[in-house]
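Asker: The listed protein sequences correspond, in order, to chains U and X. Per our numbering, the very first residue in the first sequence carries number 85; after that it's consecutive. Per our numbering, the very first residue in the second sequence carries number 79; after that it's consecutive. Glycine included, C-beta positions come from ideal geometry on N, C-alpha and C. Please read through the structure below; I'll follow up with questions.
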Amino acid sequence: DSGVTQTPKHLITATGQRVTLRCSPRSGDLSVYWYQQSLDQGLQFLIQYYNGEERAKGNILERFSAQQFPDLHSELNLSSLELGDSALYFCASSGGQGGSANYGYTFGSGTRLTVV
Amino acid sequence: ELKVEQNPLFLSMQEGKNYTIYCNYSTTSDRLYWYRQDPGKSLESLFVLLSNGAVKQEGRLMASLDTKARLSTLHITAAVHDLSATYFCAVASGTYKYIFGTGTRLKVLA
């Protein structure tokens, strides 16, 4: 157990629907990162939050949004889902803003999203 | 924009052999990480490299960083089946985000 908790582990939903993925960072970590992993695109950085504030944005679609709450857990909202959104979505956390100098990120086990 | 390339993408090797995975990146960066991912699993941090000439070793894996050449290598010595996995390098892009390489899928054959 890495200490980063993601729920749910698996999610199957229909096109056009909206889902919310949840991430609880490792205890004491202030930064949360979201990544999308698909077969054809590899690991794509989506967005980062640090202590509730958005700090960096990557290739995140407008249909996707995220937030980090005061208790530091984060949610990734995916709406108007398309078949191409099927992927593994990883959350990672770190203590500081840019990743731990000693360990990098700590990744959660991921949420496997299947859009049918 | 930072680009990170790994090669080879696939590597099939016999147990006991040595091989090297390469990670090239396009712009200056001061931090590079190596991760391992088993099929269907999460990513596990292996090494962090913070300076030019940095070398880290853990068991049969050794990672090095040449910031002038914008190149990191992950060397596998006397491979064993348990090392079969996908290996990613990740390069810092600015302060807050990391760009991952395409990954190298390693299969060690008995």
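#1: Can you tell which of X:K119, X:L80, X:D160 has its C-alpha closest to the C-alpha of L187 of chain X?
#2: Taking the beta strand (DSSP E) that Q125 of chain U belongs to, which residues open and close that run?
#3: What are the boundary residues of the beta strand (DSSP E) that includes R196 of chain U?
#4: Measure from the alpha carbon of G168 of chain U to the alpha carbon of each residue in U:S122, U:S115, U:D85, then state which is nearest.
#5: Output needed in chain order: residues of the region 115 to 143 of chain U with a Cβ under 7 Å from some Cβ in chain X.
#6: Could you give the distance in angstroms between the alpha-carbon of L165 of chain U and the alpha-carbon of G179 of chain U?
#7: For L167 of chain U, does the three-state DSSP call read helix, strand or coil?
#8: In whole angstroms, what is the alpha-carbon distance linking Y176 of chain X and K95 of chain X?
#9: Quick one: grab the DSSP three-state call for D72 of chain X.
#10: Tell me the residue span of the beta strand (DSSP E) that contains N85 of chain X.
#11: Going by CA-CA distance only, name the one from X:Q115, X:Y97, X:M91, X:S90 that's closest to F178 of chain X.
#12: I need the straight-line Cα distance from F88 of chain X to L124 of chain X, nearest angstrom please.
#13: In angstroms with no decimal places, state the Cα-to-Cα distance between K146 of chain X and C167 of chain X.
#14: Tell me whether V133 of chain X is buried or exposed, calling it buried when 16 or more other Cβ atoms sit within 10 Å of its Cβ.
#15: Under 9 Å between beta-carbons, which chain X residues line up against Y189 of chain U? List them in chain order, please.
#16: Within its chain, find whatever has a CB closer than 6 Å to the CB of N85 of chain X; leave out the 5 residues flanking it on each side and keep chain order.
#17: Please report the residue range of the beta strand (DSSP E) in which Y111 of chain X lies.
#18: Along the chain, where does the beta strand (DSSP E) that runs through Y189 of chain U open and close?
#19: Are L160 of chain U and L105 of chain U closer than 8 Å when you measure CB to CB?
#20: When burial is assigned at 16 or more other CB atoms within 10 Å of the CB, is G188 of chain U buried or exposed?
#21: Using a beta-carbon distance below 8 Å, is G192 of chain U in contact with chain X?
#22: Going by other Cβ atoms of all chains shown within 10 Å of its Cβ, with 16 needed for buried, is F153 of chain U buried or exposed?
Answerer: With the given structure in hand:
#1: Residue numbering aside, residue 187 of chain X sits at position 109 when the second sequence is read from its first letter. Nearest of X:K119, X:L80, X:D160 to L187 of chain X, Cα basis: X:D160.
#2: Stepping through the first sequence from its first residue, residue 125 of chain U is reached at position 41. In the DSSP annotation of this structure, Q125 of chain U is not part of any beta strand (DSSP E), being labelled neither H nor E.
#3: Counting from one through the first sequence, the residue named residue 196 of chain U turns up at place 112. Counting along the chain, R196 of chain U sits inside the beta strand (DSSP E) bounded by residues 195 to 199.
#4: In the first sequence, the residue the question calls residue 168 of chain U occupies position 84. Residue U:S122 is the option with its Cα nearest to G168 of chain U.
#5: Of all residues in the region 115 to 143 of chain U, G126, L127, F129, Q132, R139, A140, G142 have a Cβ within less than 7 Å of some Cβ in chain X.
#6: In the first sequence, counting from the first residue as 1, residue 165 of chain U sits at position 81. In the first sequence, counting from the first residue as 1, residue 179 of chain U sits at position 95. Approximately 32 Å between the Cα atoms of the pair.
#7: As a position in the first sequence, residue 167 of chain U is number 83, starting the count at 1. In the three-state reduction of the DSSP assignment, L167 of chain U falls in the helix class.
#8: Here residue 176 of chain X refers to the residue found at position 98 of the second sequence. Here residue 95 of chain X refers to the residue found at position 17 of the second sequence. Rounded to whole angstroms, Y176 of chain X to K95 of chain X spans 31 Å at the Cα level.
#9: Summary: the structure shown does not reach residue 72 of chain X, with chain X confined to residues 79 through 188, and so no result is reported for it.
#10: What you label residue 85 of chain X is simply residue 7 of the second sequence in a count that begins at 1. Membership of N85 of chain X in the beta strand (DSSP E) is indicated by the continuous run 82 to 85.
#11: For the purposes of this step, residue 178 of chain X is taken as the residue at position 100 of the second sequence. The residue from X:Q115, X:Y97, X:M91, X:S90 with its alpha-carbon nearest to that of F178 of chain X is X:Q115.
#12: Position 10 of the second sequence, counted from the first residue, corresponds to residue 88 of chain X. Position 46 of the second sequence, counted from the first residue, corresponds to residue 124 of chain X. The straight-line gap separating the alpha-carbon atoms of F88 of chain X and L124 of chain X is approximately 19 Å.
#13: Taking the second sequence and counting its residues from 1, the one referred to as residue 146 of chain X is at position 68. Taking the second sequence and counting its residues from 1, the one referred to as residue 167 of chain X is at position 89. About 17 Å.
#14: Residue numbering aside, residue 133 of chain X sits at position 55 when the second sequence is read from its first letter. V133 of chain X is exposed by the Cβ-count criterion.
#15: Taking the first residue of the first sequence as 1, we reach residue 189 of chain U at position 105. Those are Y111, Y113, L121, S123, A168, Y176, listed as they occur along chain X.
#16: Here residue 85 of chain X corresponds to residue number 7 of the second sequence, with the count starting at 1. Y100, listed in sequence order.
#17: Against the second sequence, residue 111 of chain X aligns to sequence position 33. Looking at the DSSP string, the run of the beta strand (DSSP E) that includes Y111 of chain X is 110 to 115.
#18: Your numbering for residue 189 of chain U matches position 105 in the first sequence. Counting along the chain, Y189 of chain U falls outside any beta strand (DSSP E), and DSSP gives it neither H nor E.
#19: On the first sequence, residue 160 of chain U is found 76 positions in, with the first residue counted as 1. On the first sequence, residue 105 of chain U is found 21 positions in, with the first residue counted as 1. Between L160 of chain U and L105 of chain U, the C-beta gap is smaller than 8 Å, which places the two residues in contact.
#20: As a first step, residue 188 of chain U must be located in the first sequence, where it is residue number 104. A buried status is given to G188 of chain U, since no fewer than 16 other beta-carbon atoms sit within 10 Å of its beta-carbon.
#21: One-based indexing of the first sequence puts residue 192 of chain U at position 108. Yes, because at least one Cβ of chain X sits closer than 8 Å to the Cβ of G192 of chain U.
#22: The residue labelled residue 153 of chain U in the question sits at position 69 within the first sequence. Flag for F153 of chain U reads exposed.
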